[in-house]
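Below is one structure, written out as structure tokens; comments come after it.
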Amino acid sequence: MALNKDYEDIPGTFVFDADRGREGYQLNQFCISLRLKKNRDTFTADEATYLNSYSMTAEQREAVLDRDWNRLLELGGNIYYTSKLAANDGINFQQLAGLMTGMGNEAYREMMVAGGRSPDGNRYQHEWDKKDKN
Amino acid sequence: MARITAGVGCSHVPAIGVAMDQGITEQPYWEPVFDGFEKSREWMKAQNADVIFLVYNDHCTVFDASCIPTFALGCAPEFAPADEGWGPRPVPVVKNHQVFASHIAQSLILDEFDITIMNEMEVDHGLTVPMSVMFGDKGVDDEWPCLVIPLCVNVVQYPAPTGNRCYNLGKAIRRAVDSFDEDLNVVIFGTGGMSHQLQYKRAGLINKEWDKQFLDRLTTDPVALSKTPHVEYLREAGSEGVEMVMWHVMRGALDDAVEEVHRHYHVPASNTAVGHIILENKKDQGEAK
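Read top to bottom, the protein sequences are chains E and L.
Our numbering applies: residue 1 is where the first sequence begins, and numbers increase by one.
Our numbering applies: residue 1001 is where the second sequence begins, and numbers increase by one.
Below you can see the structure in the form of structure tokens.
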């Protein structure tokens, strides 16, 4: 019997479960390698060659080179890993959230200072589907 | 005999560490975050704790995806702050009470909690930020005022251990501490949270009402609180809010009856709601046992 993934109807959210962990393994291992300076330097000198050491999919590789932050999550990346790639680009967690939400840094920061994103209307996918229709 | 006298719940937002390391805690953005910890530092000092048992999670720093232990107990002599991608935090190396940690490891496994033993380990902001918050500024050449036994919990790859499992692990840690002969005052920290989501299109989620009921029920209703299902954390408190399961380890290690002596809550620190609570075992109850 399949596992009950009761968290899949949360909108705008990936739950990094064992299936995602499997799909994203090489991508995430690449990302974490960047926490060490010698690896950051090697990667920055020649990104494409550095990526050859990781047998990730063509889509994952492209998303890395394009810094397509949401695509990286869609392809099995986890935020704590992808944030290492962002950090190498000088992007911190809050700036990264500004990019992933499409809000931009200023608007995102203002939302947080004003108390953050309310859970109201943001708990279930059907609430977002309804918003899209209107 | 070693004894656990109090528990601390505390967020471990990395930006809090960065603010301290850069000396910008008095800026208007940060001032309300740190104001709420002033009383905590006085309290911490007055405890004269010998050992902190510190429950935290690693953020894909020391543990990569190749090995994901659910509970990893630090048994090494010391734990250096790790480079998380922007250089190690300039704070002291954390020193262990190694004999005590070995005792706890053995006791926990015989008590049917199959923890992983870490004889070498670095630690990330999940551990060092709560230390900085509770003990104030310390440089690399300083020493922390007490020893630390780290317990690293997987909350990154779903599923984290259940709140119930964490609460019962807290009980087992209490039994392990109670059976150690050295006279030691132990304070247990549960860290992480509160509501926050760092990723994807719903990033920035904060749920003050949910956080407040969590803080309230730690004192009044801890057993039912520990049975909160994962999906509720994820939906109500954000995908990274599930870190709060670690607070149940802290709560489980205390007496059933506790007294809240301090609380602090502020939004935001970067992407996160900062939550903090100090709980003490009710002294008369402790005597009666």
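For glycine and all other residues, C-beta sits at the position ideal for the given N, C-alpha and C.
These numbers come from a predicted model, not from an experiment.
Assumed close pair residue i, residue j - CB separation to whole angstroms, cut-off 8 Å
{"i": "I1104(L)", "j": "A1176(L)", "result": "4 Å"}
{"i": "N4(E)", "j": "G77(E)", "result": "No, N4(E) and G77(E) are not in contact; Cβ-Cβ is about 24 Å, not under 8 Å."}
{"i": "P1081(L)", "j": "E1122(L)", "result": "7 Å"}
{"i": "V1153(L)", "j": "H1059(L)", "result": "About 12 Å; that fails the 8 Å criterion."}
{"i": "A1273(L)", "j": "S1195(L)", "result": "5 Å"}
{"i": "L1205(L)", "j": "R117(E)", "result": "5 Å"}
{"i": "S1095(L)", "j": "V1133(L)", "result": "Before going further, note that residue 1095(L) is Lys rather than Ser in the sequence given. Going by Cβ atoms, the distance from K1095(L) to V1133(L) rounds to 19 Å, so no, they are not a contact pair."}
{"i": "R120(E)", "j": "Y1158(L)", "result": "Rather than Arg, the amino acid found at residue 120(E) in this sequence is Asp. Actually they are not in contact, since the Cβ atoms of D120(E) and Y1158(L) sit about 25 Å apart, beyond 8 Å."}
{"i": "E1135(L)", "j": "R1041(L)", "result": "Here residue 1135(L) is Phe; the residue named in the question, Glu, does not match the sequence. Yes, F1135(L) and R1041(L) are in contact; Cβ-Cβ is about 7 Å, under 8 Å."}
{"i": "H1230(L)", "j": "A1160(L)", "result": "7 Å"}
{"i": "P1014(L)", "j": "F1079(L)", "result": "So it is not a contact: roughly 17 Å between Cβ atoms."}
{"i": "T1005(L)", "j": "P1069(L)", "result": "The pair is not a contact, with the Cβ atoms about 28 Å apart (cut-off 8 Å)."}
Cβ-based neighbour list, residue i, same chain, cut-off 6 Å, excluding 5 preceding and 5 following
{"i": "A97(E)", "result": "Y108"}
{"i": "S1107(L)", "result": "A1176"}
{"i": "L1184(L)", "result": "A1002, D1050 and V1051"}
{"i": "C31(E)", "result": "Y81, T82, K84 and L85"}
{"i": "T42(E)", "result": "Y50"}
{"i": "R61(E)", "result": "L51"}
{"i": "W128(E)", "result": "P11"}
Residues near residue i in its chain [Cβ-Cβ closer than 8 Å; skip 5 each side]
{"i": "W1298(L)", "result": "Any question about residue 1298(L) goes unanswered here, given that chain L covers just 1001 to 1289."}
{"i": "E23(E)", "result": "L75 and G76"}
Beta-carbon gap between residue i and residue j smaller than 7 Å
{"i": "F1300(L)", "j": "L1054(L)", "result": "No answer is possible for residue 1300(L): it lies beyond the span of chain L, which begins at 1001 and ends at 1289."}
{"i": "A1237(L)", "j": "N1207(L)", "result": "yes"}
{"i": "A1271(L)", "j": "Q95(E)", "result": "According to the sequence displayed, residue 1271(L) carries Asn and not Ala. Result no, Cβ atoms of N1271(L) and Q95(E) do not sit closer than 7 Å."}
{"i": "G1009(L)", "j": "H1264(L)", "result": "no"}
{"i": "G1275(L)", "j": "D1211(L)", "result": "yes"}
{"i": "P1130(L)", "j": "T1228(L)", "result": "no"}
{"i": "Q26(E)", "j": "S55(E)", "result": "yes"}
{"i": "R123(E)", "j": "E1084(L)", "result": "no"}
{"i": "C1075(L)", "j": "M1020(L)", "result": "no"}
{"i": "V980(L)", "j": "Y1233(L)", "result": "No statement about residue 980(L) is possible, as the shown extent of chain L runs from 1001 to 1289 and does not include it."}
Other residues of its chain near residue i: CB distance less than 7 Å, five sequence neighbours each side excluded
{"i": "P1092(L)", "result": "K1138, V1140, D1142, E1143 and W1144"}
{"i": "E47(E)", "result": "L65"}
{"i": "R20(E)", "result": "F14 and G76"}
{"i": "K1045(L)", "result": "none"}
Fill in: Contact list for the stretch 1079-1106 of chain L against chain E, Cβ threshold 9 Å
Near chain E, meaning a CB-to-CB distance below 9 Å, the residues of the stretch 1079-1106 of chain L are A1082, D1083, E1084, G1085, W1086 and G1087.
Practice prompt. State whether the stretch 1238-1257 of chain L contacts the stretch 1163-1171 of chain L, with contact taken as three or more CB pairs (one from each stretch) at a distance under 8 Å.
Written response: Segment contact: the stretch 1238-1257 of chain L against the stretch 1163-1171 of chain L, three or more CB-CB distances shorter than 8 Å; contact assigned.
Worksheet entry | Touching by the beta-carbon criterion (3+ pairs, under 8 Å), the stretch 1191-1201 of chain L and the stretch 5-20 of chain E | Contact holds between the stretch 1191-1201 of chain L and the stretch 5-20 of chain E, because three or more Cβ pairs, one in each stretch, are under 8 Å apart.
Worksheet item: If contact means a Cβ-Cβ distance below 8 Å, which residues of the stretch 32-56 of chain E contact chain L?
Response: So the close ones are I32, L34, R35, L36, K37 and R40.
Practice prompt. Please list the residues of the stretch 63-90 of chain E that have a C-beta atom closer than 8 Å to any C-beta atom in chain L, keeping them in chain order.
Written response: Those would be N70, L73, N78, I79, Y80, Y81, S83, K84, A87 and N88, in chain order.
Worksheet item: Contact between the stretch 1110-1128 of chain L and the stretch 1057-1071 of chain L: three or more CB pairs below 8 Å?
Response: A contact between stretches requires three or more CB pairs, one per stretch, nearer than 8 Å, and the stretch 1110-1128 of chain L meets this requirement with the stretch 1057-1071 of chain L.
Practice prompt. Would you list, in chain order, the members of the stretch 103-114 of chain E that have their beta-carbon closer than 7 Å to a beta-carbon of chain L?
Written response: When C-beta distances to chain L are compared with 7 Å, the residues of the stretch 103-114 of chain E below that value are Y108, M111, M112 and V113, in chain order.
Item to complete: Could you list the residues in the stretch 1213-1237 of chain L with a C-beta less than 9 Å from some C-beta on chain E, going in chain order?
Response: Going along the stretch 1213-1237 of chain L in chain order, one finds P1229, H1230, V1231, L1234, R1235, E1236 and A1237 with a Cβ nearer than 9 Å to chain E.
Item to complete: Residues of the stretch 1253-1271 of chain L with a CB closer than 8 Å to any CB of chain E: list them in chain order, please.
Response: The residues in question are V1267, P1268, S1270 and N1271.
Item to complete: Using a Cβ-Cβ cut-off of less than 8 Å, give me the residues of the stretch 1042-1061 of chain L that come near chain E, in sequence order.
Response: Per Cβ criterion, the list reads H1059, C1060 and T1061.
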